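Comments concern the structure below.
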């Protein structure tokens with residue numbers, strides 16, 4: 004059941020790549036507003052699929068998905084896209100940076116699609132470019148000359164950090180992160196996680212962080228084994 008203090012509520016959810024053939028089944032899963040949840044499971048178990056459902060990128064065969072008090076099934080596709088842009092910061096496993104845009108423009112891109120995230124910055128008296136530079140600097144990408152380079156000029160680890168800054172800008176209500184430390188070395192991973200947690204605490208942002216790396220779990224409010232909430236129709 005969804006309540007005012009609930010950020011995510013999934014009930015009797017079924018998803019399949021082929022109609023009538025469920026691939027993933029979740030009886031129930033809830034995340035409180037402001038909670039930071041670590042969702043752990045091995046590669047290929049369906050974690051990324053679940054994040055796609057929570058973000059409204061994928062549609063279930065049946066069941067309900069409520070995010071931030073809104074039913075995703077009640078929205079048209081374009082409304083889900085607008086809702087995601089306004090309220091959800093997504094760190095994709097494959098980064099999904101726009102290759103022909105500069106690093107700085109990639110980070111600023113969510114503000115082009117979301118009035119809400121622009122207003123969040125305005126309410127704090129923060130200029131978008133200054134905020135993008137602050138986030139990038141905190142992630143070790145403070146070289147001003149580098150910020151004008153296209154995303155394709157970066158290493159995988161650098162691209163992952165740019166994707167994190169893009170997800171955080173404008174203080175979204177929900178941050179969804181899919182294996183966001185997979186391309187980072189130990190030092191970069193620590194700075195990334197420190198920034199992520201501090202930014203989300205400051206903004207009251209709810210976090211769902213997916214990884215197979217159990218060493219990260221102590222940083223979160225709650226750890227959930229993916230196997231404890233999901234059924235695999237092909238298992």
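Numbering (the working numbering), first residue to last: 4 to 238. No residue lacks a Cβ here, since even glycine has one placed at the ideal position from N, Cα and C. In this text the structure is predicted, and so the values were computed from the model without any measurement.
Counted as a single uninterrupted DSSP element, the beta strand (DSSP E) harbouring residue 226 occupies residues 225-228.
Contact annotation: the segment 213-223 does not touch the segment 158-172, with fewer than three C-beta pairs closer than 8 Å. Under the three-pair Cβ rule at 8 Å, the segment 147-156 does not count as touching the segment 83-93. Residue 172: not part of any beta strand (DSSP E); DSSP gives it neither H nor E. Looking at the DSSP output, residue 162 sits in no beta bridge, so it has no partner there.
The residue from 119, 111, 41, 207 with its alpha-carbon nearest to that of residue 219 is 41.
Per DSSP, residue 31 lies in no alpha helix (DSSP H) segment; the continuous beta strand (DSSP E) that holds it begins and ends at 27-35. When only Cα atoms are considered, residue 181 and residue 128 end up about 31 Å apart. Contact between residue 178 and residue 210 holds, with the beta-carbon distance rounding to 5 Å and staying under 8 Å.
Residue 71 places its beta carbon less than 7 Å from that of residue 176. In this structure, the beta-carbon distance from residue 59 to residue 39 does not fall below 7 Å.
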